[in-house]
Every structure is written in C-alpha cells, then in structure tokens.
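Line by line, the protein sequences give chains A and B.
The numbering of the first sequence is my numbering, which starts it at 2 and goes up by one.
The numbering of the second sequence is my numbering, which starts it at 45 and goes up by one.
Glycine included, C-beta positions come from ideal geometry on N, C-alpha and C.
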Amino acid sequence: MIAWVILFVSLALVLLSAKVATNTLAGRVISLGAVLVGATLVVSGSLRLVPGDPIDHILGDQAQSSSRELLAKDLGLIDDNGKRVSFPEQYKNFITSLFSLDIKSFVTRRSTIDMVAERLPYTMVLALCAMIIAVMLGPLFGVLASLSYRRLPDHLFSLFALVGISVPSFFLGPLLLLVFAIRLKLLPISGADDGFFSLVLPSIAMGTALAAMLTRMSRASMLEVLSEDFIRTAKAKGLAPHTVFFKHALRNALIPVVTLVGLQFGVVLAGAVVTEKIFNWPGLGLLLYESIQKLDMPLVQTCVLVIAFIYGLINLITDIVYGLIDPRISIGGAKK
Amino acid sequence: MMRLKSRILKHSLLKVGLVIFITIALVGIFGPLLVGSGGIGPNLSHHLLPPGNGNSLGFGVNGIDVLTWLVYGARMSLMISLLVTLSSIVIGTTVGAICGFYGGVTDAIAMRIIDIVLAFPGLLLVLYLAAVMPPSMFTLIFAMSATGWVAYARLVRARVYEIKNREFVVAAMALGASSFRILVRHILPHVVGPVIVQASYGLSVIILAEASLTFLGLGLPIGTPSWGGLLDQGVANLFTAPYLAVFPGLFIAITVLGFNFLGDGLRDVLDPRSPIN
Numbered sequence: 002m003i004a005w006v007i008l009f010v011s012l013a014l015v016l017l018s019a020k021v022a023t024n025t026l027a028g029r030v031i032s033l034g035a036v037l038v039g040a041t042l043v044v045s046g047s048l049r050l051v052p053g054d055p056i057d058h059i060l061g062d063q064a065q066s067s068s069r070e071l072l073a074k075d076l077g078l079i080d081d082n083g084k085r086v087s088f089p090e091q092y093k094n095f096i097t098s099l100f101s102l103d104i105k106s107f108v109t110r111r112s113t114i115d116m117v118a119e120r121l122p123y124t125m126v127l128a129l130c131a132m133i134i135a136v137m138l139g140p141l142f143g144v145l146a147s148l149s150y151r152r153l154p155d156h157l158f159s160l161f162a163l164v165g166i167s168v169p170s171f172f173l174g175p176l177l178l179l180v181f182a183i184r185l186k187l188l189p190i191s192g193a194d195d196g197f198f199s200l201v202l203p204s205i206a207m208g209t210a211l212a213a214m215l216t217r218m219s220r221a222s223m224l225e226v227l228s229e230d231f232i233r234t235a236k237a238k239g240l241a242p243h244t245v246f247f248k249h250a251l252r253n254a255l256i257p258v259v260t261l262v263g264l265q266f267g268v269v270l271a272g273a274v275v276t277e278k279i280f281n282w283p284g285l286g287l288l289l290y291e292s293i294q295k296l297d298m299p300l301v302q303t304c305v306l307v308i309a310f311i312y313g314l315i316n317l318i319t320d321i322v323y324g325l326i327d328p329r330i331s332i333g334g335a336k337k
Numbered sequence: 045m046m047r048l049k050s051r052i053l054k055h056s057l058l059k060v061g062l063v064i065f066i067t068i069a070l071v072g073i074f075g076p077l078l079v080g081s082g083g084i085g086p087n088l089s090h091h092l093l094p095p096g097n098g099n100s101l102g103f104g105v106n107g108i109d110v111l112t113w114l115v116y117g118a119r120m121s122l123m124i125s126l127l128v129t130l131s132s133i134v135i136g137t138t139v140g141a142i143c144g145f146y147g148g149v150t151d152a153i154a155m156r157i158i159d160i161v162l163a164f165p166g167l168l169l170v171l172y173l174a175a176v177m178p179p180s181m182f183t184l185i186f187a188m189s190a191t192g193w194v195a196y197a198r199l200v201r202a203r204v205y206e207i208k209n210r211e212f213v214v215a216a217m218a219l220g221a222s223s224f225r226i227l228v229r230h231i232l233p234h235v236v237g238p239v240i241v242q243a244s245y246g247l248s249v250i251i252l253a254e255a256s257l258t259f260l261g262l263g264l265p266i267g268t269p270s271w272g273g274l275l276d277q278g279v280a281n282l283f284t285a286p287y288l289a290v291f292p293g294l295f296i297a298i299t300v301l302g303f304n305f306l307g308d309g310l311r312d313v314l315d316p317r318s319p320i321n
C-alpha cells in the first residue's frame with residue numbers, strides 16, 4: 002500500500018512539475034528534483050522493462066536455481082519468502098535504500114555510496130583539468146578565427162575544430178600514449194601515482210574534443226554578434242576598436258558559450274568511462290566500467306545516479322550564472 | 045530540384061563528406077566479398093603479427109586479420125548507425141509531430157519523458173541499458189534508439205509548433221482538410237530538411253557511440269568484427285601492437301569527419317537562411 006503511494010507520488014511529482022514556472026530559482030530546483038526522481042524510476046524500472054531477463058544475463062542461463070534466487074533477492078526482484086515483488090514494492094525498497102545511503106555492492110559488500118565517494122575526487126580533478134584546457138583554448142581560437150574571417154588563421158582554427166570533434170578520445174588517448182609515454186618516455190603510462198604528470202595526457206585526451214566544440218561555438222557566436230547593428234553603431238560613434246571588441250562584442254558572444262561549458266561538463270563526466278579506462282585513472286568512470294564488467298548492478302546504478310545528479314546540479318548553476326551575465330534573462334526573480 | 049543539385053555540387057565540404065560516406069559504404073557493402081570471411085576467426089599461428097611482409101595490415105589477438113575486421117567493421121558500423129537513426133527518426137518524428145500539433149496532456153507527458161532521458165548526460169543511459177541487457181546487436185540498437193529519438197522529437201515538435209499557425213495551414217483547415225491530412229501533407233514536408241541535417245550529425249554520434257560501447261565490452265559480443273573491438277585489442281596491446289589501435293581509430297575518425305562535413309554542408313544547402321543561398 003505504502004509502495005503504491007510512493008510510486009504514485011513520484012509519478013505525480015514528475016508529471017505535475019511540467020506546470021512549474023522555470024524562470025524562478027525555486028521552480029528550477031523543483032523541476033530538477035522531479036527529473037531526478039524520474040531518473041530513479043528509469044534506473045529501477047529498466048531491470049523490468051528491457052527485453053530479456055537481467056538474471057539470465059548476469060548469471061548465464063546455466064545457473065542453479067538457488068543462486069538465481071539469491072541474485073533476484075539482491076536485485077530486489079523477489080522478497081525473503083521467494084515471492085515475486087511488484088514494481089511499486091521494488092521501487093519503494095530502492096528509494097528507501099537510496100535515501101538511507103544503504104546500497105551494498107554485490108562484489109565487495111561495501112556501501113556503494115562510500116565506494117563512489119572515494120573515486121569521485123579523481124574524476125572531478127580530471128574533468129576540471131579537461132575543462133580548463135578547453136575553456137582556455139576554445140574561446141581563444143574561436144575569437145581569433147572570427148577576427149580573421151575567411152583568411153588563413155580562420156581556416157586553420159576551423160580545421161582544428163572539425164578534426165577535434167571527429168577524433169574520438171579512445172583514438173586520441175592511445176595516440177598520446179604511444180608518442181609521449183611509450184616512444185618519448187616523457188609522461189607516465191597509466192594510473193594516478195605521479196600526481197600532476199599523470200594528469201597531463203588524460204586531460205588532453207578529454208579536453209581536445211571540448212576545446213574543438215567551444216572553438217566552433219565561439220567562432221559562430223562571435224561572427225553573429227559582429228554583424229549586428231549595435232556593433233556598427235558603436236564603431237560609428239567613434240569608439241576605440243578594442244572597446245567595441247571587448248566591451249560590446251566579446252561579452253555578448255560568450256553568453257551561449259557559457260551554456261555549452263555547463264552542458265559539456267556532464268558529458269565530460271559520462272565520457273570519463275572511456276578515458277579513465279584507457280589511462281587506468283582511478284576515478285568514477287573506471288569504477289563504473291569495473292562494476293559493469295563484474296555486473297555489480299547496485300554499484301552501476303549508484304554511479305549512474307550520482308553522475309546524473311552532479312550533471313543536474315551543474316546545469317542549475319549554469320542557469321544561475323547565465324542570468325548574472327545576460328541582463329535579458331533573470332532567474333531567481335532578480336529585477337534590474 | 046535542379047537548383048538543389050547544383051547547390052550540392054557547388055559546396056566543396058559537402059562533396060568531400062559525400063565522397064567519404066560513399067567510399068565507406070562501398071567498403072562496407074563490397075569489401076567483405078573481396079576479402080572473404082576467413083580472417084574473422086582466430087588463427088593462433090598469426091597472433092599479433094605486425095603489418096607488412098605479406099601480412100597485409102597485420103593480425104590481432106589470437107591471429108584475427110586486421111583488414112578483414114576493418115572491412116566487416118565498416119559494414120557493422122554503417123548498418124547499426126543506419127538502423128538506429130532510422131528507428132530514432134520514426135519514433136522521434138511521430139512523437140514530435142503529435143506533441144507539436146495537438147499539444148495538451150500528451151505533449152506535457154512526452155516532454156517530461158524527454159527531460160528525464162536528457163537528465164543522463166552523454167552516453168550514460170545507453171551505457172546503463174546496455175549493461176542490464178546481454179551484449180548483442182539488438183541490445184546496441186535498442187539502447188541507442190531508446191535515447192536517440194529524443195533529439196528528433198524536440199526538433200520536429202518545435203518546427204511543427206512553428207508551422208501550424210501559418211496561413212497555408214489555416215487555409216487548409218478552412219477548406220475542411222482533416223487534421224491528419226494537414227499534419228502529413230502540409231506540415232511534415234517542411235520538417236524533412238532539418239531532420240535530414242540532424243540525421244547526418246546523428247549518424248556520426250552513433251558511430252562513435254557504437255565504437256565506445258564495444259570498446260567498453262558492452263556492445264557487440266566478443267568475436268564480432270568491429271572497429272571498437274579492434275581498438276580495445278589495440279589499447280590492451282599498445283606496447284607490442286600499436287597498429288591495432290591506429291587503423292580502426294583512423295577509420296572511425298575519417299567516417300565521423302565525413303558525416304560532420306555532410307551535416308555542415310546539408311545545413312548550408314537546406315537552410316534557407318544560410319548565406320550561400
């Protein structure tokens with residue numbers, strides 16, 4: 002009975018939050034909360050909704066019925082008496098253990114939240130370094146390209162943008178390793194034992210595609226702003242070129258770039274699975290990879306939800322920052 | 045139609061993209077007939093033999109033939125990305141058209157489902173779906189379509205919503221056309237262009253996603269020839285057999301580059317607001 006109420010309330014929250022005004026801070030927070038509740042529904046419901054039996058998949062179809070039963074119990078699909086649990090009941094148990102931070106890994110029998118908390122700082126450092134590389138290079142390249150529109154530097158930066166987007170990190174990573182770690186022996190091959198030096202190659206592998214995307218975006222955005230009327234007005238009234246450029250054009254052109262940076266941070270977190278596997282970087286991505294390899298479902302679910310949570314949080318922060326730099330948008334009811 | 049053709053031929057980026065796409069497609073369609081299927085399976089005496097000296101492009105773990113895997117991998121990548129894109133377009137366009145045209149409760153519910161799918165950044169949801177299902181081609185296509193339709197649904201919904209208040213739609217309504225007829229005959233033709241542009245970017249995203257998933261051991265079953273599988277072997281044997289990572293990486297990068305060129309070019313050609321028109 003309680004289980005049905007919880008499921009009903011969750012569904013109602015998810016659906017009704019569509020009516021919440023998202024131009025206030027409180028509305029944004031409610032909307033984010035509802036989406037995250039929806040994410041728990043997806044993560045817990047997928048065990049039932051996807052075609053095929055997850056227990057067959059984890060144990061193979063030759064497994065003894067006793068071990069199948071144990072696993073089904075661990076996954077919350079059957080109860081202590083061996084009876085099949087309904088979805089509301091399963092969801093209630095999932096949510097209760099999630100909120101009491103009491104999900105146990107199949108393999109280590111430790112709390113999955115603890116395991117994630119141990120690995121998260123590594124991924125945060127790596128993602129941050131990748132973002133720093135991207136934010137330092139991307140907008141710079143993009144602006145330089147826009148200033149030399151249709152001349153050689155523009156073509157070179159645009160080429161970098163196109164190639165950077167197309168070369169996947171799981172190709173760039175091994176290439177960097179081949180050149181800098183194996184041939185030149187300048188940097189460590191894997192792990193995180195050498196501090197800063199261990200960080201260099203993974204951050205470049207992760208940051209390049211991002212830098213390319215930001216180059217493309219800031220070039221397009223800059224070209225658009227430079228062709229607008231207010232720039233012509235500013236030039237016509239005799240302002241110094243650098244005033245027009247920095248105070249008028251650049252500030253406006255970077256607004257969409259900020260959104261992209263926020264959105265991309267989540268993609269970086271999710272993409273960490275691949276990069277961390279290549280460089281054996283002991284972060285959340287590698288933990289997710291290992292847990293998928295061992296079919297440690299509770300750990301997989303925790304990793305997935307934690308990444309979705311951080312992603313949602315960062316988007317919220319981006320929205321607020323967006324409101325601060327763009328006077329046309331206000332979030333949190335700030336009146337100017 | 046003639047104008048469109050001449051515009052396509054004038055756009056050099058688009059031409060390069062088309063050439064890359066056609067080349068990869070030809071390799072995928074006819075390549076397997078030329079190289080045969082003998083090199084797919086293991087041949088222990090060839091374990092990790094490097095390229096050259098009559099070894100063509102070299103051999104992988106347990107002596108699989110790199111060239112055979114590259115050629116069959118091209119077929120696999122194209123087949124999967126076309127199937128996923130097609131099913132995403134069908135689901136996404138249907139949902140988007142209904143939501144944009146009728147609005148109301150259906151629209152609100154669909155939009156919430158889309159928000160929830162988008163709450164998982166990048167490949168995360170595909171990764172999770174592929175992790176709870178046994179590795180197979182069906183799993184890959186299911187997991188990627190289950191998340192891929194969202195982009196098309198949002199795109200089509202926005203376009204339909206924008207077009208449904210135009211005069212020609214109102215005129216058709218006044219003439220007594222049914223709403224289904226208006227949607228299919230009058231509105232959807234205007235959505236085709238943006239959907240094609242989105243699809244050519246989508247193809248490159250799916251090729252990357254398929255390779256990443258297979259690289260992580262979540263995609264195709266072990267032993268199925270694919271670019272991602274070859275790359276995985278390459279990264280594991282980077283000291284002894286770096287060519288195993290370089291060849292499939294190059295194939296993936298060039299294919300993705302081609303689709304991106306195609307997307308950029310088609311956007312320029314099909315978008316009436318673009319400067320070259």
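- Counting the other CB atoms within 10 Å of its CB gives E277(A) a total of 16 or more, which places it among the buried residues.
- Per the DSSP secondary-structure output, K105(A) pairs in a beta bridge with S112(A).
- When Cβ-Cβ separations below 7 Å define contact, I124(B) makes no contact with chain A.
- Secondary structure of F103(B) (DSSP, three-state): strand.
- Between I315(A) and G208(A), the CB-CB gap reaches or exceeds 7 Å.
- Contact of P178(B) with chain A by beta-carbon distance below 8 Å involves G53, D57 and H58.
- In the DSSP assignment, M181(B) falls within the unbroken alpha helix (DSSP H) covering M181 to I207.
- Distances from the CA of G61(A) to each of I66(B), V176(B), G293(B) and I153(B) were compared; the closest alpha carbon is that of V176(B).
- By the neighbour-count criterion, in which a residue is buried when 16 or more other Cβ atoms sit within 10 angstroms of its Cβ, I73(B) is exposed.
- A Cβ of chain A is located within less than 7 Å of the beta carbon of P165(B).
- When Cβ-Cβ separations below 7 Å define contact, F161(A) makes no contact with chain B.
- One thing to note: F172(A) has its Cβ within 7 Å of the Cβ of A297(B).
- With the criterion set as a beta carbon lying under 8 Å from some beta carbon of chain B, the members of the segment 273-294 of chain A are V274, V275, K278, I279, L289, Y290, I293 and Q294, in sequence order.
- In the three-state DSSP reduction, D109(B) falls in the strand class (E or B).
- Under the three-state reduction of DSSP output, R184(A) falls in the helix class.
- Assigned with DSSP and collapsed to three states, I266(B) falls in coil, not helix or strand.
- Within the segment 303-316 of chain A, the residues whose Cβ lies closer than 8 Å to any Cβ of chain B are, in chain order, V305, I308, A309, Y312 and G313.
- Exposed is the label assigned to L77(B), since fewer than 16 other Cβ atoms lie within 10 Å of its Cβ.
- Residue pairing by DSSP places R85(A) opposite I79(A) in a beta bridge.
- Within the segment 184-211 of chain B, the residues whose Cβ lies closer than 8 Å to some Cβ of chain A are F186, listed in chain order.
- Residues of chain B whose Cβ lies closer than 7 Å to the Cβ of G46(A) do not exist, since the nearest Cβ in that chain is about 11 Å away.
- Under the three-state reduction of DSSP output, R229(B) falls in the helix class.
- Ranked by Cα distance from R201(B), the options F145(B), I251(B), P94(B) and W193(B) are led by F145(B).
- In terms of beta-carbon proximity, F259(B) lines the interface with chain A, with at least one pair separated by less than 7 Å.
- Only G267, V268, L270, A271 and G272 from the segment 250-273 of chain A bring a Cβ to less than 7 Å from some Cβ of chain B.
- At the C-beta level, L33(A) and G313(A) come within 7 Å of one another.
- Within its own chain, the residues whose Cβ lies closer than 8 Å to the Cβ of S180(B), once the five positions on either side in sequence are excluded, are L264 and P265, listed in chain order.
- Cβ neighbours of V194(B) within its own chain (closer than 6 Å, five residues either side excluded): I158 and V161.
- Rounded to whole angstroms, S244(B) and F283(B) show a C-alpha spacing of 36 Å.
- Between the alpha carbons of A216(B) and I226(B) lies a gap of roughly 7 Å.
- In the DSSP assignment, T284(B) falls outside any alpha helix (DSSP H), carrying neither H nor E.
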